[in-house]
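What follows is a short report on a single structure.
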Amino acid sequence: MEDQREVSLEELKQPLNPQEIQIENIQVPRQNTSCWNSFLISLGLKAPPRVPRTLSFTGQVTPPNHIENIVKNQKYSLLTFVPVVLYNQFKFFQNMFFLLIAITQFFDVLKVGLMFTYVAPLALVLFLTMLKEAYDDFKRFRRDKEANQTLYPVLQDGKFLNKKSCDLKVGDIVQIHANQRVPADIILLHTQDENGQVFIRTDQLDGETDWKLRNSIKQIQSRIKVEEELIKLPHYDVEILASEPIQDIYEFTGLFKLEYNGEVFKQSLKLENTLWANTVLASGKITGIVAYSGKETRMAMNSRQPRTKVGRLDNEVNTLSKLLFLMMLFLAILLVVLDGQNLSWFILVQLTRQLILLSSIIPISMRVNLDFAKLIYCFRINTDQDIEGTVARNSTIPEELGRIQYLLTDKTGTLTQNDMIFKRLSLENINFSHEDIKEISEKLQIQCSEHNGPISDLEQILKKQKERKSKKKVQVKRNPDLILRDLITALTLCHNVTPMVNEEGTKEFQASSPDEVALVKIAESLGMQLMKRDSDSIEIINAAGNQENYQVLNLFPFSSETKRMGIVVKHRESDKLIFYLKGADVIMKQFLPESQRGFVDEECDDLAREGLRTLVITQKYINQEWYDEWATKYKEADELLVGRSEAVKAVINELEQDMEFLGITGVEDKLQENICQSLENVRNAGINIWMLTGDKIETAICISISSGLKAPQQNIYVIKELSDEIELQAKLIHFKNLSQNYILVIDGISLKCAMENYKQLFLEVSTKAPAVVCCRCSPTQKSEVVESIKKYTKKITAAIGDGGNDVGMITSADVGIGIVGKEGMQAALAADFSINKFCYLDKLLLWHGRLSYKRSSLLSQFVIHRGLLISIIQAIFSSIYYFVALSIFNGMLLLGYATVFTMFPAFSLIFDEDVDIKTALTYPPLYKTLQKGRELNSKTFCFWVWKATFQGSIIMLLTIAFFENSYLLVETITFTAMIFTEYLLSLSELNRLHIVTIGSNLLSILVYILILTTMRGLFEIQNILQWDYLGKIALIVLIAWLPLFAFKLIKKRVDPSDFEKIMRSVKRQAIGMDIKQ
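Numbering (this note's numbering), first residue to last: 68 to 1144.
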């Protein structure tokens, strides 16, 4: 059982021994690997233990680390390629079945024809698969080789010498130039910039496109003034303590110690001092020391084999393949029983031979056909100019886009543009709107002209405090204009934004969040301009045009855990120390006086009802004496290697108390282009929409109304802040009894309680609602909701989002869709499909998805019919000729039947279109007809089995009837009638004739005639070319095909499908409109 005692700050201050560090009560010794473990690690069969390490500039590492810095993304080696690929292929039922069939042909007693006939199809499928896998792995090998062979200058023997990336090891001091890939996890020692700053691009690591700022170690940066002095680094008595490697790319704990002239200098190391492998240096040149290499890098530890998604259609086809096997087994047993043989071992031989003859029932080419069809679907998606930028990243599930029933969407950046527009500024005694920008600017200009820096009424506050003889911050009634000045100053200072000058000479901002940039731009529009920023200082031009300089003493970045950001600055002109803190209202109000919390709650709710995103801004004046004491405690906590996070959090909490409320910003996030029409189309297509957002209930409701997620005739039912199980249950039951004209809105607290205690009831009532809005959702809750809907409804779900917090639900859904947005590429890269705008979803689902599903359904059933047809003919042939296990067709014809003779007509079915693009997008209910899977199910399967049985029987029986005295012609006549029946069927199954289908049929006919006339050994053609024979063959084909075609036409009129009913309604409406005109 874990020790749950609290650890005090004094305990955490105890000196650390790098040889033996305790983490989470687990002792990590310096050496703990046995000889056997060391042997396994050296072979790469076991991962080395992840331990903290101590680095020095001499290259010494404690404990020693010998992990190779090799990038290896290959799936196979020369030894493993063939066995692994074969194993993965023979996991599939069809391939294993045909392997067993091929093996039987090595035994004379079981041989029924040419061995080549049964080996060649399987060999062809395996060859194509291995060729594709080899090509893909070779590309990975080339990329790995390029990365491993890249040269980097490494400090060796007093000079920098080039060294391959794969030869780098922990403790090496390496230099990296602009636009170079970072080869390992590196601690930043020195940069060309005198302030020790550098920007990196992390899009290949976390998908975020904004540049990230990194800082070098101050003690090194300040001592090395010129680059030539870098070769003296090994002379410094330095120890760098780094924690054990972890997966978290946003966390790093380390400590830098320098002993110089008998004095010890320390600096805590954090994420801002690191460059993770596979990031790219944006500019300049840096020098760093390798902390983690190879498999211990953050990139390698976060690399996972992507979860292979198998589409529902693939599962349905696999199920049908098993039914076909049972059918084949039944036919074989029936033929053996009808033969009337006595029980003996010979019956097993006969049964096996009959199974081999009927093996065409199992379509070995099914997977190949479907895989190539999927590639074409994805190619069409990628090249569609109407949805430019759309990328199909997963080519295995395009058909799933055709019958989605639940769409779970993020709000910010997905339904909205993540483009903030200033709307409201709420102070305690006065409110400003975007229409008051001129008035705000004038007030700021006056205050900046009259007063030197923020908190200009400080003397009044201190005087009041002195009168009360209190050291605590007291509430003083301040001039609203002064508060306004402080508020806009806070917006200009409290952020992680860095201004830069681009190549055109204009200023632009770099930040980890577009929200931060938006707030700085709002401050600029009001007259407060951010001019310069580095790790130690900020320079601004105030509304009066005067320069103000601030020293950055402490910075506490925003995180999803704290939901706030703080900064301690010193106004250089007045020496005032000020702490600014901003964040979400639910977090910030705890730091405010009790008297102001009610106002904050009420005002944030009012702003949220207008659809605005809110941010609470506060400040606190700090006197120098108090700050010095606090800074000492903070430095001690920040230098801990173990327990740093908890200790720092406790010290910061002291600083955050008794904050002064400045105001609340309300910004509007513009809706995505054509979002209302898109959501209406999706809803009319029969797709249930859920919005999962981390925003407030009021904001989410407002966005759901303005975006059209809530229809005008619908009402809203809110479940808010319910953690009591009984009360929540009553609410859910009440909602269940309401009409289906209510959308459900639930917050994170209530959702957590519902999922923990009443998951079944919650899912039962929520999945029947026309729409659901979940607010204050964490990323984990989003994933849990998606998984629960999949499990409860058994229906296909899609999740769409644009940020890193949406990746969980995107990967959990049956179909993940990522939007390339301002938050970067993380969601798009993790998704199965990525789009640039939400409105692109219309065409992706209603056109591409719908057609992909319909086409694959038709293709798979046609391929099943093709195999069944030849097997039915074989079964009837065996029955007529005394149940002898002999093949009606020779091996070459069997091989050519599913390849050169019918391959192209069958595959051309994927070009079929039942409606045009305009109709599909104008009438979304057409999509609804596919959601029940009526294109491919047991009913349609039985119908295609009946087709094959009817046509096979007609072809075989009529051939015998018409040519009873021509046994030698049966093979040629039957085969000819069979393939021409297939050609006609491939045309009659189309909704619209397509040039590709017509061309493929003509080409196949020409190939057949050519082979018929040139390869006379395969056919008996002496009498067939006579008109009498040709007429009888045409009659057989017509009798086999025409009744089914007529039945299809009659059924359309008598019992039309849902799709046909909708299209009839569309045509009637069009005719009615023409008459009115």
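Every residue, glycine too, gets a C-beta built ideally from N, C-alpha and C.
These numbers come from a predicted model, not from an experiment.
Spatially closest choice to residue i from the options, by CA coordinates
{"i": "residue 808", "options": "835, 611, 672", "result": "835"}
{"i": "residue 620", "options": "699, 673, 586, 832", "result": "699"}
{"i": "residue 1072", "options": "1093, 1094, 1045", "result": "1045"}
{"i": "residue 750", "options": "714, 994, 631", "result": "994"}
{"i": "residue 320", "options": "328, 465, 329, 340", "result": "340"}
{"i": "residue 306", "options": "955, 121, 806, 949", "result": "121"}
{"i": "residue 684", "options": "724, 260, 631, 547", "result": "631"}
{"i": "residue 558", "options": "569, 583, 544", "result": "583"}
{"i": "residue 806", "options": "661, 832, 291", "result": "832"}
{"i": "residue 964", "options": "308, 938, 524", "result": "938"}
{"i": "residue 216", "options": "207, 200, 234, 226", "result": "234"}
{"i": "residue 854", "options": "474, 669, 1121, 676", "result": "474"}
{"i": "residue 496", "options": "592, 585, 670", "result": "670"}
{"i": "residue 469", "options": "196, 349, 753", "result": "753"}
{"i": "residue 647", "options": "906, 723, 590, 755", "result": "723"}
As assigned by DSSP and simplified to three states, the class of residue i
{"i": "residue 801", "result": "helix"}
{"i": "residue 417", "result": "helix"}
{"i": "residue 653", "result": "helix"}
{"i": "residue 777", "result": "coil"}
{"i": "residue 838", "result": "strand"}
{"i": "residue 770", "result": "helix"}
{"i": "residue 175", "result": "helix"}
{"i": "residue 545", "result": "coil"}
{"i": "residue 242", "result": "strand"}
{"i": "residue 278", "result": "coil"}
{"i": "residue 1130", "result": "helix"}
{"i": "residue 92", "result": "With a pLDDT of 33 at residue 92, under the threshold of 50, the predicted position of this residue should be treated as unreliable, though the coordinate-derived value follows. Coil, per DSSP."}
{"i": "residue 257", "result": "strand"}
{"i": "residue 645", "result": "strand"}
{"i": "residue 124", "result": "coil"}
{"i": "residue 518", "result": "coil"}
{"i": "residue 907", "result": "helix"}
{"i": "residue 538", "result": "Per-residue confidence for residue 538 stands at a pLDDT of 49, beneath the threshold of 50, marking its modelled position as unreliable; no derived number is given."}
{"i": "residue 920", "result": "helix"}
{"i": "residue 744", "result": "helix"}
{"i": "residue 1124", "result": "coil"}
{"i": "residue 711", "result": "helix"}
{"i": "residue 567", "result": "strand"}
Contact set for residue i: own chain, Cβ-Cβ below 8 angstroms, skip 5 residues either direction
{"i": "residue 962", "result": "183, 184, 187, 188"}
{"i": "residue 781", "result": "808, 809, 810, 837, 838"}
{"i": "residue 445", "result": "459, 462, 465"}
Boundaries of the alpha helix (DSSP H) in which residue i is found, first to last residue
{"i": "residue 457", "result": "Looking at the DSSP string, residue 457 is not in any alpha helix (DSSP H), and its letter there is neither H nor E."}
{"i": "residue 304", "result": "Element bounds for residue 304: not the alpha helix (DSSP H) but the beta strand (DSSP E), 304 to 309."}
{"i": "residue 1118", "result": "1094 to 1121"}
{"i": "residue 987", "result": "984 to 989"}
{"i": "residue 326", "result": "From DSSP, residue 326 is part of no alpha helix (DSSP H) but of the beta strand (DSSP E) over 321 to 327."}
Residues near residue i in its chain [Cβ-Cβ closer than 6 angstroms; skip 5 each side]
{"i": "residue 673", "result": "none"}
Limits of the beta strand (DSSP E) - the one that residue i falls within
{"i": "residue 578", "result": "Element bounds for residue 578: n/a, residue is neither H nor E."}
{"i": "residue 227", "result": "226 to 231"}
{"i": "residue 684", "result": "679 to 689"}
{"i": "residue 638", "result": "631 to 638"}
{"i": "residue 223", "result": "218 to 223"}
Close-in-space but distant-in-sequence residues of the same chain around residue i (CB under 7 angstroms, 5 per side omitted)
{"i": "residue 285", "result": "263, 334"}
So, does the stretch 912 to 929 touch the stretch 973 to 988, judging by three or more C-beta pairs under 8 angstroms? yes
Between the stretch 349 to 358 and the stretch 634 to 646, can you find at least three pairs of beta-carbon atoms closer than 8 angstroms? no
Taking one C-beta from the stretch 1015 to 1031 and one from the stretch 957 to 971 each time, how about it: are there three or more such pairs within less than 8 angstroms? no
Count the CB pairs spanning the stretch 753 to 762 and the stretch 502 to 517 that are closer than 8 angstroms, and state whether there are at least three. no
Is it the case that the stretch 206 to 214 contacts the stretch 306 to 317, given that we only count it when at least three CB pairs across the two stretches are under 8 angstroms? no
Contact the stretch 421 to 434 vs the stretch 871 to 884: 3+ CB pairs below 8 angstroms: no
Inspect the CB distances between the stretch 721 to 735 and the stretch 481 to 498 and report whether three or more fall short of 8 angstroms. yes
If contact is defined by three or more beta carbon pairs under 8 angstroms, each pair taking one atom from either stretch, is the stretch 252 to 272 in contact with the stretch 163 to 171? no
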